[in-house]
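Residue numbers (numbering that gives the first Met the number 0): 0 to 292.
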Amino acid sequence: MKRYRVLVYDFDARATHLKKEIREDWDKHIKEHWKSNQEWIKEGLIAEYGAIRAFKKINNFIELDANLISMIAFHNKFLHQIRSAYVIESYYAALTGACALGERILNHLILRLRDYYKATVDYKKVYRKDSFDNWDLAINTLEAWEILLPDVVKSFWELKEIRNKSIHFNPETDSNDKELSLEAICKLKEVVLGQFSGFGTQPWFIEGIKGATGYIKSEFEEKPFVKEIVIPNCVKVGHLHTLEYDHSDWVVHDSHDYAEIEISDERFAELMNNPRQYDAQNNKIQLTAESGG
Numbered sequence: 000m001k002r003y004r005v006l007v008y009d010f011d012a013r014a015t016h017l018k019k020e021i022r023e024d025w026d027k028h029i030k031e032h033w034k035s036n037q038e039w040i041k042e043g044l045i046a047e048y049g050a051i052r053a054f055k056k057i058n059n060f061i062e063l064d065a066n067l068i069s070m071i072a073f074h075n076k077f078l079h080q081i082r083s084a085y086v087i088e089s090y091y092a093a094l095t096g097a098c099a100l101g102e103r104i105l106n107h108l109i110l111r112l113r114d115y116y117k118a119t120v121d122y123k124k125v126y127r128k129d130s131f132d133n134w135d136l137a138i139n140t141l142e143a144w145e146i147l148l149p150d151v152v153k154s155f156w157e158l159k160e161i162r163n164k165s166i167h168f169n170p171e172t173d174s175n176d177k178e179l180s181l182e183a184i185c186k187l188k189e190v191v192l193g194q195f196s197g198f199g200t201q202p203w204f205i206e207g208i209k210g211a212t213g214y215i216k217s218e219f220e221e222k223p224f225v226k227e228i229v230i231p232n233c234v235k236v237g238h239l240h241t242l243e244y245d246h247s248d249w250v251v252h253d254s255h256d257y258a259e260i261e262i263s264d265e266r267f268a269e270l271m272n273n274p275r276q277y278d279a280q281n282n283k284i285q286l287t288a289e290s291g292g
């Protein structure tokens, strides 16, 4: 009756905090807290990226917006480097890096998952190669295998257009490298958040559980993308588990004696939202919720 929960991810919400408007009608102590927090973040950014043109770097950092929760895969490290390049005004490096990382993600997905699709006609087009620079082939193949979600496919096509304008010689890039790099990074973020998010509306996540959670539907556990990319970032837990944050990692506490039965994802969601429905003493799930305090 347990489910996999995404617990390995990275994120950076500092830009969100810097964008927060401090309202004059707030309580004095709340305003002071937010001002102090924003100053602390700015000091950290100056230490990270350097004091020269610090105001511009901070503005660039805010323009990128938050790096929202993403599972650990083959994009995290390089996306951080791309964002850093944009912050320090290395726009062409950020632009080309974003395009290259998009291609790298396509390659990783095909190479990691293609053996699951040997029976398909598309497998014959990709099984001999160790790398792919043909975006059309890569995107169409991953779409046909239903690995990429529809919105992610759209974002990849749009990133491809930015790549073609930028990588192939175009004199205009000399003057609009900043705009192009921001556009490319935003498209890349759409890919990451659409395909690799730690929780959300992706079809493999159980709906209806309160809070920001990423629990995997049982029917998706053997799907190639979920099995190879998502589940390695998960811990299998029951609905009575608790979490403790220890420096940089989540520690799971879940020593409960759960019943050895199969339940639906909908029932798991019900139990997560109302864990008192579980009768631990009798080792069973009650058919109806407990009433009263």
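We put the beta carbon where it would ideally sit given N, CA and C, even for glycine. From a predicted model like this one, the values you see are computed outputs, not experimental measurements.
Limits of the alpha helix (DSSP H) - the one that residue i falls within
i: residue 165; result: 149-166
i: residue 267; result: 264-272
i: residue 109; result: 90-112
i: residue 40; result: 27-48
i: residue 226; result: Counting along the chain, residue 226 falls outside any alpha helix (DSSP H), and DSSP gives it neither H nor E.
i: residue 189; result: 172-195
i: residue 140; result: 134-143
Same chain only: Cβ atoms within 8 Å of residue i, ignoring 5 sequence neighbours per side
i: residue 73; result: 103, 104, 107
i: residue 109; result: 125, 131, 137, 140, 141
i: residue 242; result: 6, 249, 250, 251, 252
i: residue 255; result: 237, 239, 240, 279
i: residue 98; result: 158, 161, 162, 165, 166, 183
Nearest residue (CA-CA) to residue i, options the options
i: residue 265; options: 207, 219, 240; result: 207
i: residue 294; options: 164, 36, 231, 28; result: Outside the displayed range of the chain (0 to 292) lies residue 294, so it cannot be described from this structure.
i: residue 91; options: 178, 12, 8, 215; result: 178
i: residue 64; options: 71, 70, 56; result: 56
i: residue 75; options: 251, 249, 224, 197; result: 197
i: residue 162; options: 273, 182, 115, 269; result: 182
i: residue 147; options: 118, 167, 101; result: 101
i: residue 260; options: 153, 246, 237, 241; result: 237
i: residue 270; options: 239, 247, 256; result: 239
i: residue 13; options: 172, 24, 40; result: 40
i: residue 16; options: 24, 51, 66; result: 66
i: residue 68; options: 205, 192, 245; result: 192
i: residue 151; options: 167, 189, 79, 171; result: 189
i: residue 257; options: 244, 170, 235, 247; result: 235
Helix, strand or coil at residue i according to DSSP, with G and I counted as helix
i: residue 128; result: coil
i: residue 205; result: coil
i: residue 120; result: coil
i: residue 2; result: strand
i: residue 289; result: Confidence is the limiting factor: at residue 289 the pLDDT is only 40, short of 50, which leaves the residue's position unreliable, though a coordinate-based value still follows. Of the three classes helix, strand and coil, the one that applies to residue 289 here is coil, per DSSP.
i: residue 243; result: strand
i: residue 58; result: helix
i: residue 68; result: strand
i: residue 215; result: strand
i: residue 257; result: coil
i: residue 275; result: helix
i: residue 22; result: coil
i: residue 280; result: Caution is warranted here: a pLDDT of 45 is assigned to residue 280, below 50, making its placement in the model unreliable, and no coordinate value can be reported.
i: residue 15; result: helix
Span of the beta strand (DSSP E), counted from its first residue to its last, around residue i
i: residue 73; result: Segment: none, residue 73 is in no beta strand (DSSP E) and carries neither H nor E.
i: residue 235; result: 233-236
i: residue 250; result: 248-252
i: residue 8; result: 8-11
Nonlocal neighbours in the same chain, by C-beta distance under 7 Å from residue i, ignoring five residues either side
i: residue 233; result: 3, 4, 5, 6, 215
i: residue 9; result: 69, 71, 75
i: residue 61; result: 14, 17, 18
i: residue 225; result: 203, 215, 219
i: residue 11; result: 65, 66
Spatial neighbours of residue i in its chain, beta-carbon cut-off 6 Å, leaving aside the 5 residues before and after
i: residue 280; result: With a pLDDT of 45 at residue 280, under the threshold of 50, the predicted position of this residue should be treated as unreliable, though the coordinate-derived value follows. None.
Closer than 6 Å: residue i CB and nearest the ligand ZN heavy atom
i: residue 221; result: Although the ligand ZN was asked about, the structure shown includes no ligands whatsoever.
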